[in-house]
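A.B. asks: Have a look at this one before I ask anything.
Numbering (my numbering), first residue to last: 27 to 302.
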């Protein structure tokens, strides 16, 4: 699998990339379920793929735009390796938006998909992203240009949301039931036996079906969600002990190891960089 970066920009609060993969390999994408600490704007250009967001499966068509909130687990399912896969993804810290966009972004960034886009909307989005990628503003002016583009997208889709026809996602009911159980009991003390008893299905089958859709085991998904939840607690409480006690981890060593594995730094380092 070879990927070509057609455009890329990165700073502390924004990561923008436009990437083309000529021969996407299913397994290189399908099992990479992940989440971000930023909002993701995902624009699908070409390919044959589905996007899974917290167990809901979305068929991607050219021009599809997804807005995915922080800590929402998602992954891509490639179903034709001969179809070149081209996409634009922009990760952005939500506080970079103008204050007036807080309510709009909260409303739209929950994994909402704008499916079956009209030709005019597809052209408008393509032209808007092209303006960014062919701009001569340089690195110093690029953040403001990207923020302006994303704010414009949020405003446009907020206005048209009521009248637009969006694609209804397909949901694997069993996987959705597992995710509902996890979300309801994220910080509780439970194991797969409890899940098995709650859903009246064998835990091995539950894990196998979950992995097929989500690209990871149930417990890996739980651990990841607990880590991201703990990070949000650290951000808002500025207390590692509070975050640990409200994370769902039974012992600090497991909490520490998992945090460092998924975030890349220790809880202490993460807190330190957030304190002015």
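Glycine residues also receive a C-beta, built at the ideal position from the N, C-alpha and C atoms.
Nearest to residue 272 by CA position, among 253, 207 and 110, is which residue?
C.D. replies: If you number the chain shown from 1, residue 272 lands on position 246. Closest by alpha carbon: 253.
A.B. asks: Please name the residue in 28, 73, 82 and 61 whose C-alpha comes closest to that of residue 239.
C.D. replies: The count along the chain shown starts at 1 and reaches residue 239 at position 213. If we check each option's Cα against that of residue 239, 82 comes out closest.
A.B. asks: Counting Cβ pairs, one atom from each stretch, are 3 or more of them under 8 Å apart for the segment 104-121 and the segment 198-206?
C.D. replies: Because the criterion of three Cβ pairs below 8 Å is not met, the segment 104-121 and the segment 198-206 do not touch.
A.B. asks: In its own chain, which residues sit with a C-beta less than 6 Å from the C-beta of residue 222, not counting the 5 before and 5 after it?
C.D. replies: In the chain shown, counting from the first residue as 1, residue 222 sits at position 196. Taken in chain order, the residues that qualify are 229.
A.B. asks: To the nearest angstrom, how far is it from the Cα of residue 281 to the Cα of residue 123?
C.D. replies: Position 255 of the chain shown, counted from the first residue, corresponds to residue 281. Position 97 of the chain shown, counted from the first residue, corresponds to residue 123. Roughly 32 Å separates the two Cα atoms.
A.B. asks: Give the secondary structure of residue 210 by DSSP, where H, G and I count as helix, E and B as strand, and everything else as coil.
C.D. replies: By 1-based counting over the chain shown, the position of residue 210 is 184. In the structure shown, residue 210 sits in a helix (DSSP, three-state: H, G or I).
A.B. asks: Assign residue 295 to one of three DSSP states: helix, strand, or coil.
C.D. replies: As a position in the chain shown, residue 295 is number 269, starting the count at 1. Three-state result, residue 295: helix.
A.B. asks: Can you tell me the Cα-Cα spacing of residue 179 and residue 92, whole angstroms?
C.D. replies: For the purposes of this step, residue 179 is identified with residue 153 of the chain shown, where counting begins at 1. For the purposes of this step, residue 92 is identified with residue 66 of the chain shown, where counting begins at 1. Going by the C-alpha atoms only, they are around 11 Å apart.
A.B. asks: Measure the C-alpha to C-alpha separation of residue 284 and residue 291 and round it to an integer number of angstroms.
C.D. replies: On the chain shown, residue 284 is found 258 positions in, with the first residue counted as 1. On the chain shown, residue 291 is found 265 positions in, with the first residue counted as 1. In a straight line, the C-alpha of residue 284 is about 10 Å away from that of residue 291.
A.B. asks: Got a sec? Which residues, its chain only, sit under 6 Å from residue 242 by beta carbon, not counting five neighbours each side?
C.D. replies: In the chain shown, residue 242 corresponds to position 216, counting from 1. Within the same chain, residue 242 has close Cβ partners 59.
A.B. asks: Using a threshold of 7 Å, state whether the C-beta atoms of residue 61 and residue 97 are closer than that.
C.D. replies: What you label residue 61 is simply residue 35 of the chain shown in a count that begins at 1. What you label residue 97 is simply residue 71 of the chain shown in a count that begins at 1. Cβ distance < 7 Å, so residue 61 and residue 97 count as in contact.
A.B. asks: Going by other Cβ atoms of all chains shown within 10 Å of its Cβ, with 16 needed for buried, is residue 50 buried or exposed?
C.D. replies: On the chain shown, position 24 is the one that residue 50 refers to. It is buried - the Cβ of residue 50 has at least 16 other Cβ atoms within 10 Å.
A.B. asks: Are the Cβ atoms of residue 75 and residue 46 separated by less than 7 Å?
C.D. replies: Residue mapping note: residue 75 aligns to position 49 of the chain shown, counting from 1. Residue mapping note: residue 46 aligns to position 20 of the chain shown, counting from 1. It is not a contact, given that the beta carbons lie outside the stated cut-off.
A.B. asks: Would residue 158 pass as a contact of residue 173 if the rule is Cβ separation under 7 Å?
C.D. replies: Translated into positions along the chain shown, residue 158 becomes position 132. Translated into positions along the chain shown, residue 173 becomes position 147. Contact flag unset, no.
A.B. asks: Leaving out five residues before and five after residue 57 in sequence, what residues of the same chain have Cβ atoms less than 6 Å from its Cβ?
C.D. replies: On the chain shown, residue 57 is found 31 positions in, with the first residue counted as 1. At residue 57 the pLDDT is 49, less than 50, meaning the model places this residue with poor confidence; the figure from the coordinates comes in the next sentence. If we look at residue 57 and ignore the five residues flanking it on each side, its Cβ neighbours are 241.
A.B. asks: Does the beta-carbon distance from residue 237 to residue 288 come in below 7 Å?
C.D. replies: Translated into positions along the chain shown, residue 237 becomes position 211. Translated into positions along the chain shown, residue 288 becomes position 262. For residue 237 and residue 288, no; Cβs fall outside 7 Å.
A.B. asks: Hey, out of 262, 219, 198 and 258, whose CA is closest to residue 95's CA?
C.D. replies: Mapped onto the chain shown, residue 95 falls at position 69. Checked all of 262, 219, 198 and 258; the closest Cα to residue 95 is 258.
A.B. asks: Looking only at its own chain, which residues have a Cβ that is under 7 Å from the Cβ of residue 266, when we skip the five neighbours before and after it?
C.D. replies: Working through the chain shown from its first residue, we reach residue 266 at position 240. Excluding sequence neighbours, residue 266 sits near 260, 293, 294 and 297.
A.B. asks: Evaluate residue 276 with the Cβ neighbour count: other Cβ atoms within 10 Å of its Cβ, from every protein chain shown; 16 or more gives buried, anything less gives exposed.
C.D. replies: Your numbering for residue 276 matches position 250 in the chain shown. Looking at its Cβ environment, which holds fewer than 16 other Cβ atoms inside 10 Å, residue 276 is exposed.
A.B. asks: Do residue 72 and residue 107 come within 7 Å of each other at the CB atom, strictly closer than that value?
C.D. replies: Working through the chain shown from its first residue, we reach residue 107 at position 81. Working through the chain shown from its first residue, we reach residue 72 at position 46. No. Outside cutoff.
A.B. asks: In this structure, how does DSSP classify residue 114 when only helix, strand and coil are distinguished?
C.D. replies: Mapped onto the chain shown, residue 114 falls at position 88. The answer is strand: DSSP assigns residue 114 an E or B state.
A.B. asks: Using only alpha-carbon positions, find the residue among 169, 181, 160 and 218 that is nearest to residue 38.
C.D. replies: Working through the chain shown from its first residue, we reach residue 38 at position 12. Looking at the Cα atoms, 169 is the closest of the given residues.
A.B. asks: Going by DSSP, which residues form a beta bridge with residue 20?
C.D. replies: Beyond the ends of the chain as shown, which are 27 and 302, falls residue 20; an answer cannot be given.
A.B. asks: Use the C-beta contact count for residue 149: other C-beta atoms within 10 angstroms, 16 or more gives buried, fewer gives exposed.
C.D. replies: Numbered from 1 along the chain shown, position 123 holds the residue referred to as residue 149. By the neighbour-count rule (16 or more Cβ atoms within 10 Å), residue 149 is not buried but exposed.
A.B. asks: Let me know the secondary structure DSSP gives residue 53 once reduced to three states.
C.D. replies: Taking the first residue of the chain shown as position 1, residue 53 is located at position 27. Looking at residue 53 - three-state DSSP - the assignment turns out to be helix.
A.B. asks: So what does DSSP say about residue 275, is it helix, strand or coil?
C.D. replies: Start at 1 with the first residue of the chain shown, and residue 275 comes out as number 249. In this structure, residue 275 counts as coil in the three-state DSSP scheme.
A.B. asks: Write down the C-beta distance between residue 67 and residue 88 rounded to the nearest angstrom, noting that I regard them as a contact closer than 8 Å.
C.D. replies: Taking the first residue of the chain shown as position 1, residue 67 is located at position 41. Taking the first residue of the chain shown as position 1, residue 88 is located at position 62. Not quite, the Cβ-Cβ distance comes to about 16 Å (not below 8 Å), so this is no contact.
A.B. asks: Let me know if residue 269 comes out buried or exposed under the rule of 16 or more other beta-carbons within 10 Å of its beta-carbon.
C.D. replies: The residue labelled residue 269 in the question sits at position 243 within the chain shown. So residue 269 counts as buried.
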